Amino acid sequence: MQTGWAERECRNRGMGMAWTRPSHVVRMNNVVVTEEKNASLGPGVVRITYSTPKGSVYMDEKREPGTGGWHANRSWKDVIPWARKRLIREPQDYEVVQYIVENTEYLPDYFPIEQAQEWLGSEGVVLATLPKTPMARLIIEWIGTEEGRCYIHLKKYRDRMEALYAAMSKNMERLYEVAAQSPADFIGGMENMEGLLISPPLYEKYFLPEYEKCAQIFHRHGKKWAMHMDGRLKVLKNLIAQSPIDIIEALHPPPMGDLSLDEALAAWKDKIIWIGYPGAIYELGPKAVKKYTLDLLRSAVPGDRLVIAMSTENLVSNENLLMVTSVLENADLPLTEEKIRQIERSIV
Amino acid sequence: MKDEAKYLSALKEALLQMDYERMGKAAQEAMDAGVDPLRAVTEGMTPAMALIGEKFQSGEYFLPELIVAADVMKEGLKIINPHLKGKDSRPGKRVVIATVEGDNHDIGKDIVATLLSAQGFEVIDLGIDVSAKKIVEAVKEYQPEILGLSALLTLTMIKMGEVISALEKEGLRDRLKVIIGGTSVTPEFAKRIGADYSTTNAVEGVEKCIAWVPPRKGR
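From first to last, the protein sequence lines stand for chains S and H.
Sequential numbering from 9 applies to the first sequence in our numbering.
Sequential numbering from 2 applies to the second sequence in our numbering.
Here you go:
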């Protein structure tokens with residue numbers, strides 16, 4: 009989200025901050041990583057090759073001008089690279105990637121978290137970010153969903169894919185421990201859960217067991233765990249209820265998601281719902297934002313399990329930022345219908 | 002021809018079982034036996050695909066099953082298509098579909114394309130990150146009854162408006178229906194840019210296409 013005069017005013021009126029920081033550094037042993045740019049790859053495309061004793065794999069990503077730049081000044085599109093070719097495309101790639109995984113170490117590095125906490129003080133919270141869990145990483149990042157590749161691979165190369173999944177799951181146990189022992193306020197998993205891409209059978213077989221393992225480690229160290237679930241979740245509602253995740257982060261109610269806030273609160277009684285404010289509502293302007301935010305509060309009465317994030321990725325116009333703040337700054341808990349009506353009347 | 006039903010049934014079963022090997026074998030045997038290639042597609046594979054589409058719509062099957070089924074069907078078509086040359090292979094009403102410029106997401110588009118094909122539409126899929134210019138060229142070339150535009154991001158949705166403006170400029174807008182899809186599209190947005198319909202649900206989008214222009218039965 010952007011910084012500036014409106015952001016400062018909103019923070020002065022009670023808006024908090026949630027920062028994500030890594031708890032670790034990654035070391036790959038016996039793996040040589042090289043980057044290459046040449047015209048034959050296409051404009052702005054970089055090839056990253058991982059060479060191992062078992063062979064090589066590569067991925068191509070397009071880096072628009074501004075990639076890696078400060079998000080607060082750029083649109084999301086320009087900040088992160090777009091995958092052009094995924095890491096795993098052919099069956100022989102699995103063995104190489106499995107070697108990389110089995111030779112990857114996670115070393116604690118808590119400085120980013122400690123620094124962030126020192127800067128933030130009581131003005132916000134810090135989440136120790138983790139990469140996606142193994143099957144999410146395979147489906148969304150390493151194999152990809154383009155042309156349905158990951159599902160076709162799961163049909164055609166199931167043994168290889170499951171062997172790699174198992175290797176990743178074992179390898180990440182160390183990372184979960186590192187994150188759990190960090191001084192971060194919460195653990196933040198970046199799953200991008202989407203019920204269209206991750207069907208219930210896939211969730212049950214490959215995600216639920218992994219979540220149970222993670223949660224045991226995090227909870228043993230007293231950490232609450234937030235999982236980034238910003239897609240359509242209705243079809244996974246009951247399975248998510250069974251998952252030992254403490255906070256469903258980036259839930260997008262309709263019109264962008266398919267699960268309303270009150271459905272989510274009813275289905276997940278032991279969880280906190282951390283809303284990702286739908287960008288589609290921001291597009292409609294402050295009047296729509298006011299109505300939508302008030303409706304969110306009405307769904308959440310008494311409101312003790314609700315967090316509203318201004319944005320998970322979009323830049324928010326100052327007028328929208330100020331409107332959400334105007335609604336929320338007077339939303340003292342416990343919320344009641346009458347309090348919400350008063351808030352509505354107080355905002356012109 | 003004798004035993005044609007047996008070959009058509011083998012094609013149908015191979016697809017329902019989502020079995021690559023079985024499909025390859027069934028397609029080859031059907032062609033070797035002289036089964037009419039058009040009937041192999043329309044009476045062997047398309048009914049199976051339609052059944053799978055129904056199971057997807059009812060929630061019994063999910064995206065992975067739909068994708069794999071479409072891929073298994075492609076395996077069969079690789080063998081059958083060369084035999085279709087010279088025959089009237091235009092299956093029915095035509096849809097051009099694309100993910101707009103700047104957007105690399107294709108799952109929603111692919112689901113719609115698969116379900117439309119299962120319903121007998123001819124689908125020309127232009128892929129992802131497609132410029133307005135390219136889309137207009139495709140509309141001129143293929144003269145579809147329907148144009149489908151997909152965008153996942155609020156940032157790329159605006160490109161849909163550019164496509165519609167480009168169609169208007171070329172005098173093409175009134176010749177077809179435009180449907181837009183993606184998690185961020187809303188009816189208000191559709192109205193603003195001049196699209197005929199918007200949906201965040203692939204099945205609903207397909208139903209709208211059928212309501213507009215019922216596909217021709219058979220191929």
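Using N, Cα and C, we set each Cβ at its ideal position, and we do this for glycine too.
Here the structure is a predicted model, which is why all the values come from computation and not from measurement.
Query                                                                                                                                                                        : Result
Provide the residue span of the beta strand (DSSP E) that contains S:Phe215, from first to last.                                                                             : Element bounds for S:Phe215: n/a, residue is neither H nor E.
CB S:Cys222 to CB S:Tyr184, shorter than 8 Å?                                                                                                                                : yes
Tell me, to the nearest whole angstrom, how far the beta carbon of S:Leu244 is from that of S:Ile281; I am working on the premise that it is less than 8 Å.                  : That belief does not hold up - the Cβ atoms of S:Leu244 and S:Ile281 are roughly 15 Å apart, past 8 Å.
For H:Val124, which residues from the same chain have a beta carbon less than 7 Å from its beta carbon, with the 5 sequence-adjacent residues on both sides left out?        : Val96, Ile98, Ala114, Leu117 and Ser118
Against chain S, which members of the region 186-218 of chain H pass a CB distance test of less than 9 Å?                                                                    : Val186, Thr187, Glu189, Phe190, Thr201, Asn202 and Ala203
Apply the 10 Å Cβ neighbour rule to S:Arg228 and answer buried if 16 or more other Cβ atoms are within range, or exposed otherwise.                                          : exposed
Got a sec? Which residues, its chain only, sit under 6 Å from H:Ala167 by beta carbon, not counting five neighbours each side?                                               : Ala133 and Val137
Run through the region 112-181 of chain S for me and flag every whole beta strand (DSSP E) of 3 or more residues, listed as ranges in chain order.                           : 112-116 and 132-138
Would H:Leu67 and H:Leu17 be called neighbours here (beta carbons separated by less than 8 Å)?                                                                               : no
With 8 Å set as the bound, which would you pick, yes or no: does the beta-carbon of H:Val69 sit closer than that to a beta-carbon of chain C?                                : No chain C appears in this structure, whose protein chains are S and H.
So within the region 98-135 of chain H, which uninterrupted beta strand (DSSP E) runs reach at least 3 residues, ignoring any that extend past its ends?                     : 123-126
With H:Gly109 and H:Gly183 assumed to form a contact (beta carbons below 8 Å), what rounded beta-carbon distance in angstroms separates them?                                : 7 Å
Name, going along the chain, the residues of the region 9-25 of chain H whose beta-carbon falls closer than 9 Å to a beta-carbon of chain S.                                 : Met19 and Tyr21
Evaluate contact between the region 120-139 of chain S and the region 153-160 of chain S, counting only Cβ atoms and requiring at least three cross-stretch pairs below 8 Å. : no
Going by the beta-carbon positions, is the gap between H:Glu13 and H:Gly45 smaller than 8 Å?                                                                                 : For clarity, residue 13 of chain H is Lys in the given sequence; the question names Glu instead. Yes, these two residues count as a Cβ contact at 8 Å.
Within the present structure, is the beta-carbon of S:Gly196 separated from the nearest heavy atom of the ligand COA by less than 7 Å?                                       : As for the ligand COA, it is missing from this structure, which has no ligand bound.
Going straight from the alpha carbon of H:Ser90 to that of H:Ala27, what length do you get?                                                                                  : Caution applies to H:Ser90, whose pLDDT of 49 falls short of 50 and renders its modelled position unreliable; the model cannot decide the point.
When the distance is taken between beta carbons, is S:Gly50 closer than 8 Å to S:Ala91?                                                                                      : no
Looking at the C-beta of S:Ser207, does it have a partner C-beta in chain H at a distance below 8 Å?                                                                         : yes
Hey, quick one: how far does the beta strand (DSSP E) through S:Lys232 stretch, first residue to last?                                                                       : Lys232 to His236
Going by beta carbon distance, what residues of the same chain come within less than 7 Å of S:Leu162, once the five residues before and after it are set aside?              : Met169
What's the gap between the Cα of H:Met158 and the Cα of S:Trp233?                                                                                                            : 33 Å
In angstroms with no decimal places, state the Cα-to-Cα distance between S:Leu269 and H:Ala191.                                                                              : 25 Å
Which bits of chain S does H:Asp47 rub up against, with CB to CB less than 9 Å?                                                                                              : Before going further, note that residue 47 of chain H is Thr rather than Asp in the sequence given. None at all; the shortest Cβ gap to chain S is about 19 Å.
Give the secondary structure of S:Ser354 by DSSP, where H, G and I count as helix, E and B as strand, and everything else as coil.                                           : helix
Do we get a CB-CB distance below 8 Å when we pair S:Glu291 with the residues of chain H?                                                                                     : yes
Would you mind stating whether S:Thr301 and S:Val335 have Cβ atoms separated by less than 8 Å?                                                                               : yes
Alpha carbons only, please: which of S:Lys298, S:Leu204 and S:Glu126 is nearest the one belonging to S:Gln192?                                                               : The displayed chain sequence assigns Ala, not Gln, to residue 192 of chain S. Selected option, being the one with the closest Cα: S:Glu126.
Which residues share a DSSP beta bridge with S:Ala26?                                                                                                                        : S:Val133
Taking C-beta to C-beta, are H:Val101 and H:Leu150 nearer than 8 Å?                                                                                                          : yes
Which same chain residues end up closer than 7 Å to S:Ala14 when comparing Cβ atoms and leaving out the 5 residues on each side of it in sequence?                           : Asn326, Leu329 and Leu330
In chain order, what residues of the region 253-287 of chain S put their CB closer than 7 Å to some CB of chain H?                                                           : Pro263, Met264 and Gly287
Given a threshold of 16 other Cβ atoms within 10 Å of its Cβ, counted over all protein chains shown, does S:Thr355 qualify as buried or as exposed?                          : Sequence check: residue 355 of chain S is Ile here, not Thr. Label assigned to S:Ile355: exposed.
Could you round the C-beta distance between S:Val33 and S:Lys45 to whole angstroms and report it? I think they count as a contact, below 8 Å.                                : Rounded, the Cβ-Cβ distance is 25 Å, inconsistent with contact.
Do S:Glu199 and S:Ala144 have their C-beta atoms closer together than 8 Å?                                                                                                   : yes
Should S:Thr60 and S:Ile108 be called a contact, given that it needs their Cβ atoms to be closer than 8 Å?                                                                   : yes
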